[in-house]
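Asker: Heads up, the sequence shown is in the numbering used here, so the first residue is 47 and it goes up one at a time. Ideal Cβ placement from N, Cα and C applies to all residues, glycine included. Everything numeric in this text was worked out from a predicted model, so none of it was measured.
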Amino acid sequence: MKIITSGAAYLDIDAYACCIAYAELLNLQGIPARAVSSTQPNASVSRTVLAWGNGLSDYTPKTNDQFILVDVSDYHHFDPIVMLDQVVEVIDHHPGYEHYWSEKLGSAADIRPIGAAATQVFQRWQAAGLLPQISEQSAALLATAILDNTLNFTGQMTTAADIEAYAELAPLGKLHVSWPQTYFLECQASIEADLAAALAADLKWMKPESNLPHVFAQMTVWDADALLQKHLSTINGWMAGQGEDWLLNVIGIRDGKSALLAQSSVSQDKLNNLLPLDWQAGIAILKPSMLRKELLRIDLDRTNKPGSHKVPCGTKMS
Numbered sequence: 047m048k049i050i051t052s053g054a055a056y057l058d059i060d061a062y063a064c065c066i067a068y069a070e071l072l073n074l075q076g077i078p079a080r081a082v083s084s085t086q087p088n089a090s091v092s093r094t095v096l097a098w099g100n101g102l103s104d105y106t107p108k109t110n111d112q113f114i115l116v117d118v119s120d121y122h123h124f125d126p127i128v129m130l131d132q133v134v135e136v137i138d139h140h141p142g143y144e145h146y147w148s149e150k151l152g153s154a155a156d157i158r159p160i161g162a163a164a165t166q167v168f169q170r171w172q173a174a175g176l177l178p179q180i181s182e183q184s185a186a187l188l189a190t191a192i193l194d195n196t197l198n199f200t201g202q203m204t205t206a207a208d209i210e211a212y213a214e215l216a217p218l219g220k221l222h223v224s225w226p227q228t229y230f231l232e233c234q235a236s237i238e239a240d241l242a243a244a245l246a247a248d249l250k251w252m253k254p255e256s257n258l259p260h261v262f263a264q265m266t267v268w269d270a271d272a273l274l275q276k277h278l279s280t281i282n283g284w285m286a287g288q289g290e291d292w293l294l295n296v297i298g299i300r301d302g303k304s305a306l307l308a309q310s311s312v313s314q315d316k317l318n319n320l321l322p323l324d325w326q327a328g329i330a331i332l333k334p335s336m337l338r339k340e341l342l343r344i345d346l347d348r349t350n351k352p353g354s355h356k357v358p359c360g361t362k363m364s
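In structure tokens form, the structure reads like this:
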């Protein structure tokens, strides 16, 4: 059995969509596969998306199962069900572990700069000649993941392949032209309903050698200004509870900008070394918006780290 899974901390729309759609493709090809996760979807898997039906399985991996990782390549953050020496394929667009997986898996490691991992999964459907057979749910999931990860095609990592994939998937998923605004408004409503849970569900702890703030959270909403006007004090208080050195990236789709929140001079100085920023009352505005993985790429390029990390095979990572 091929187990399609992702990260341990949270399951965002890209990981969620890729797990479900890639498992469907493999099963169509006669390869037994299950989409499995030990964690719950975060706010990017909106109310309407959940209503399309949960394609995740409660299957418990067996000793001889193999693992395919989507939307993650940092083995420190794999779902805890994963056995590293039984990983046979990695599909990801986050930087840092390309060399490790290229040495381990060769061409079965597809890690490259692209807007969404969902686009990479779409390309597998396309290459297999099975796109006409994709389910409405999987098409809609992949299209929505592309919307989210490209920031409605305004993100700096958006490629022509992402735009092409959405154009083909949206009709197959029966998505209306108004779906992008509807989707991001739903995500914002979910975030505002439980800010603490939303922050915790998209938070990463940077490694000590990173030049980014130690605690890095991110959220994508339709109207960043409206969110911050209502909830800035609550957000700052919760983030401060995670430690002094923190950063929150609030991405506003409507205005195509990122509001970076960092209260301490330590955090602000780290970011000032990577980007020209103007801090006003703990907030700096980036326009166009920038994703966390893009800031991570800037950091990696600046420090010229190859990312060729190794761990003993067979070690279970969480």
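Which same chain residues, not among the five before or five after Pro-226, have their C-beta less than 7 Å away from its C-beta?
Answerer: The residues are Leu-193 and Asn-198.
Asker: With Lys-276 as the anchor, note down where its alpha helix (DSSP H) starts and where it stops.
Answerer: Here the alpha helix (DSSP H) through Lys-276 covers 270 to 286.
Asker: Can you list, in chain order, the stretches of the alpha helix (DSSP H) that have 4 or more residues and sit fully within the stretch 161 to 233?
Answerer: Listed in chain order, they are 163 to 174, 182 to 195 and 206 to 218.
Asker: Is Ala-81 near Asn-73, with beta carbons less than 7 Å apart?
Answerer: Contact: no.
Asker: Output the residue ranges of the alpha helix (DSSP H) runs that lie fully inside the stretch 283 to 353 and measure 4 residues or longer, sorted by chain position.
Answerer: Here the runs fully enclosed are 311 to 318 and 338 to 349.
Asker: Hey, how far is the Cα of Val-95 from the Cα of Leu-187?
Answerer: Distance between the alpha carbons of Val-95 and Leu-187: 7 Å.
Asker: State yes or no: is the C-beta of Ile-114 within less than 7 Å of the C-beta of Ile-160?
Answerer: No, they are not a contact pair.
Asker: Quick one: give me the first and last residue of the alpha helix (DSSP H) that Arg-93 is part of.
Answerer: That run of the alpha helix (DSSP H) goes 93 to 97.
Asker: Which word fits Ser-224, buried or exposed, when buried means at least 16 other C-beta atoms lie within 10 angstroms of its C-beta?
Answerer: That one is exposed.
Asker: Since Ser-90 and Asp-58 are thought to touch, with beta carbons under 8 Å apart, how far apart are those beta carbons, to the nearest angstrom?
Answerer: The Cβ separation is near 5 Å, so the contact holds.
Asker: In the DSSP assignment, find the unbroken alpha helix (DSSP H) run with Lys-108 in it and report its ends.
Answerer: No alpha helix (DSSP H) contains Lys-108, which DSSP labels as neither H nor E.
Asker: Let me confirm a value: Glu-255 is counted as buried when at least 16 other C-beta atoms fall within 10 Å, else exposed. Which label applies?
Answerer: Exposed, because fewer than 16 other Cβ atoms sit within 10 Å of the Cβ of Glu-255.
Asker: Could you give the distance in angstroms between the alpha-carbon of Thr-165 and the alpha-carbon of Gln-309?
Answerer: Going from the Cα of Thr-165 to the Cα of Gln-309 covers about 36 Å.
Asker: So, for Pro-358: in the same chain, excluding its five sequence neighbours on each side, which residues have a beta-carbon less than 7 Å away from its beta-carbon?
Answerer: Residue placement at Pro-358 is flagged as unreliable, the pLDDT there being 36, under the threshold of 50; the coordinate-derived value follows with that caveat. Excluding sequence neighbours, Pro-358 sits near nothing in its chain.
Asker: What is the C-beta distance between Ser-84 and Pro-141, in whole angstroms, given that I count them as a contact (C-beta under 8 Å)?
Answerer: 25 Å between Cβ atoms; not a contact.
Asker: Assuming Lys-150 is part of the alpha helix (DSSP H), what are its boundary residues?
Answerer: Unbroken alpha helix (DSSP H) run through Lys-150: 144 to 151.
Asker: Spell out a yes or no on whether the stretch 250 to 269 and the stretch 295 to 303 are touching, meaning 3 or more CB-CB pairs, one atom from each, closer than 8 Å.
Answerer: Result yes; three or more Cβ-Cβ pairs closer than 8 Å.
Asker: Report the rounded CA-to-CA distance for Gly-360 versus Val-261, giving the unit in angstroms.
Answerer: Unreliable positioning characterises Gly-360 in this predicted model, as indicated by a pLDDT of 37, which lies under 50. A coordinate reading is not provided.
Asker: Straight-line CA distance for Ala-154 to Ala-67?
Answerer: Computed Cα separation, rounded: 18 Å.
Asker: Thr-109: which of Gly-101, Val-133 and Ser-119 sits nearest, CA to CA?
Answerer: Comparing Cα-Cα distances from Thr-109 to each of Gly-101, Val-133 and Ser-119, the minimum goes to Val-133.
Asker: Quick check on this structure: which residue in Leu-151, Gln-183, Lys-253 and Asp-347 has the alpha carbon closest to the alpha carbon of Asp-291?
Answerer: Closest by alpha carbon: Lys-253.
Asker: Should the stretch 200 to 208 be regarded as contacting the stretch 331 to 341, the criterion being three or more beta carbon pairs within less than 8 Å?
Answerer: Yes: at least three Cβ pairs fall under 8 Å.
Asker: Taking the DSSP output, what are the residues bridged to Leu-249?
Answerer: Answer by DSSP bridge pairing, in chain order: Ala-263.
Asker: Would you mind reading off the limits of the beta strand (DSSP E) that contains Glu-70?
Answerer: Note, Glu-70: premise wrong, no beta strand (DSSP E); alpha helix (DSSP H) at 59 to 74.
Asker: Taking Cβ to Cβ, would you say Leu-306 is nearer than 7 Å to Thr-280?
Answerer: In this structure, Thr-280 does not lie closer than 7 Å to Leu-306 by Cβ.
Asker: Please classify Leu-115: does DSSP put it in a helix, a strand, or coil?
Answerer: The answer is strand: DSSP assigns Leu-115 an E or B state.
Asker: Tell me which residues share the same chain as Gly-302 and place their Cβ nearer than 7 Å to its Cβ, disregarding the 5 neighbours each side in the sequence.
Answerer: Same-chain partners within the cutoff: Thr-200, Lys-333, Pro-334 and Ser-335.
Asker: May I have the straight-line CA-CA distance separating Thr-228 from Ala-327, to the nearest angstrom?
Answerer: C-alpha separation (whole angstroms): 31 Å.
Asker: Asp-315 to Leu-278, Cα distance in whole Å?
Answerer: Asp-315 and Leu-278: Cα-Cα distance of roughly 21 Å.
Asker: When the Cα of Lys-276 is compared with those of Ser-311, Gln-234 and Leu-317, which residue comes out closest?
Answerer: Of the candidates Ser-311, Gln-234 and Leu-317, the one whose C-alpha sits nearest the C-alpha of Lys-276 is Gln-234.
Asker: Just the Cα atoms here: how many angstroms apart are Ile-237 and Ala-173?
Answerer: When rounded, the distance between both Cα atoms is 37 Å.
Asker: Consult DSSP for Glu-135 and reduce its assignment to one of helix, strand or coil.
Answerer: If DSSP states are grouped into helix, strand and coil, Glu-135 belongs with the strands.
Asker: Leaving aside the five residues before and after Leu-274 along the sequence, list all residues of the same chain whose C-beta is less than 7 Å from its C-beta, in chain order.
Answerer: Contacts found: Val-296 and Ala-305.
Asker: Near Ser-184, which residues of its chain fall below 7 Å by C-beta distance, leaving aside the five closest residues on each side in sequence?
Answerer: So the qualifying residues of the chain are Ile-66, Ala-67 and Glu-70.
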